[in-house]
Amino acid sequence: MAEYTDYDLVKSEIGSFVGRPEQRWDNRTRVDVESSIRKGIEAVIHNAAGHSWSWMRPVYRLETSDGQRRYTLPLDFEQFIGAIYFDGDETYAEITQLPAGRLMALYTEYDSTGVPTEYALEVIAHDGTSPQHYQLVLHPTPDSNYSLVGPYQVGPIRSLSTERPYFPGGPENLELFIAACLAATERKFKDMQGEKTESFQSALVAAISRDHRRQPRNLGQMGGRRGQSRDYYRWKLSTTYLGGTDA
377 MAEYTDYDLV KSEIGSFVGR PEQRWDNRTR VDVESSIRKG IEAVIHNAAG
427 HSWSWMRPVY RLETSDGQRR YTLPLDFEQF IGAIYFDGDE TYAEITQLPA
477 GRLMALYTEY DSTGVPTEYA LEVIAHDGTS PQHYQLVLHP TPDSNYSLVG
527 PYQVGPIRSL STERPYFPGG PENLELFIAA CLAATERKFK DMQGEKTESF
577 QSALVAAISR DHRRQPRNLG QMGGRRGQSR DYYRWKLSTT YLGGTDA
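In the working numbering, the protein residues as written are 377 to 623.
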């Protein structure tokens, strides 16, 4: 049995709504459909209610390796939300961010290993043949295996494609995104805000309510040492990125 992606499903729903299956779309229709999908995604991520989704702030987890200072970050990474912490260990202070140039100067002056205390973000060189990533650079260079954790902000999500065919937020938010894309299609193809727009508004209210229930009421203190902000970094998000190793 063929597996249908979110991209397949939303195009099928749009085709049913406009009365033309994908196989009968001309180039103009394809452009308009892609525009509707982009606008639908935008309507969810930057919604009129101003809600900040928990699934747009997943947790990055990393196990360092002795002698390795650079680690590739996930493709959807935009920035860390605050500092990086040692997971489950109150012994060490948080790892704070420095400008990349400043961290490079420290490395040049103090080329040593030890417990990381600072980090910087660098953009990996890009030749256009693959997606471009950020990388995390630690200083001092880790002298052992440390478990690090830090929530991050997901970067812009512009559209779907055959290479990236899934909406963010997991299966529970699929219907929300489809409703948003159909509302955008309704405006694009019929120049109106009708039933599909109302359906999206209802789906959005329900999704925001569901997301509120999953978020903590008290995030705890944001600064200080690891133990002071443990409650904040214990909250459970639906997505966790497990960092791998890099040179």
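Glycine is no exception: its CB is placed at the ideal position from the N, C-alpha and C atoms.
Inset, instruction - Apply the 10 Å Cβ neighbour rule to Val435 and answer buried if 16 or more other Cβ atoms are within range, or exposed otherwise. - result: Val435 should be labelled buried.
Legend entry - Rounded straight-line distance, which links the Cα of Glu562 to that of Asn549: 20 Å
Legend entry - Proximity test, Cβ basis, 8 Å: Val491 and chain B: No chain B appears in this structure, which consists of one protein chain only.
Inset, instruction - Rounded to whole angstroms, what's the CA-CA distance from His427 to Glu551? Just pull it up for me. - result: Between His427 and Glu551, the C-alpha separation is close to 18 Å.
Inset, instruction - Go through its chain and collect everything with a Cβ distance to Asn423's Cβ below 8 Å, but skip five positions before and after it. - result: Leu580, Ile584
Inset, instruction - Give the straight-line distance between the Cα atoms of Ile460 and Thr472, rounded to the nearest whole angstrom. - result: Their Cα atoms are separated by approximately 7 Å.
Inset, instruction - Could you work out which residue in Lys415, Gly458, Ala476 is closest to Leu512 when comparing CA atoms only? - result: Ala476
Inset, instruction - My understanding is that Gly526 touches Phe456, with C-beta atoms under 8 Å, so please give their C-beta distance in whole angstroms. - result: 5 Å
Legend entry - Reduced DSSP secondary structure (H/G/I, E/B, other) of Ser392: helix
Inset, instruction - Any chance you could list the alpha helix (DSSP H) runs of at least 4 consecutive residues sitting entirely within the region 388-456, in chain order? - result: If one requires a minimum length of 4 residues, the alpha helix (DSSP H) runs lying completely within the region 388-456 are 403-421, in chain order.
Legend entry - Backbone secondary structure at His509 - three-state DSSP: Note: His509 maps to coil in three-state DSSP.
Inset, instruction - List the DSSP bridge partners of Val499. - result: Tyr510
Inset, instruction - Could you have a look at Val581 and say whether DSSP puts it in helix, strand or coil? - result: helix
Inset, instruction - Could you have a look at Pro547 and say whether DSSP puts it in helix, strand or coil? - result: Of the three classes helix, strand and coil, the one that applies to Pro547 here is helix, per DSSP.
Legend entry - Host alpha helix (DSSP H) of Gly477 (start-end): Counted as a single uninterrupted DSSP element, the alpha helix (DSSP H) harbouring Gly477 occupies residues 476-485.
Legend entry - Where Leu536 sits in the DSSP three-state scheme: In this structure, Leu536 counts as coil in the three-state DSSP scheme.
Legend entry - Same chain, Cβ closer than 7 Å to Arg404, neighbours up to 5 away in sequence not counted: none
Inset, instruction - Pair every Cβ in the region 533-540 with every Cβ in the region 407-414, then say whether three or more of these pairs are closer than 8 Å. - result: yes
Inset, instruction - Return helix, strand or coil for Asp384, following the three-state DSSP convention. - result: helix
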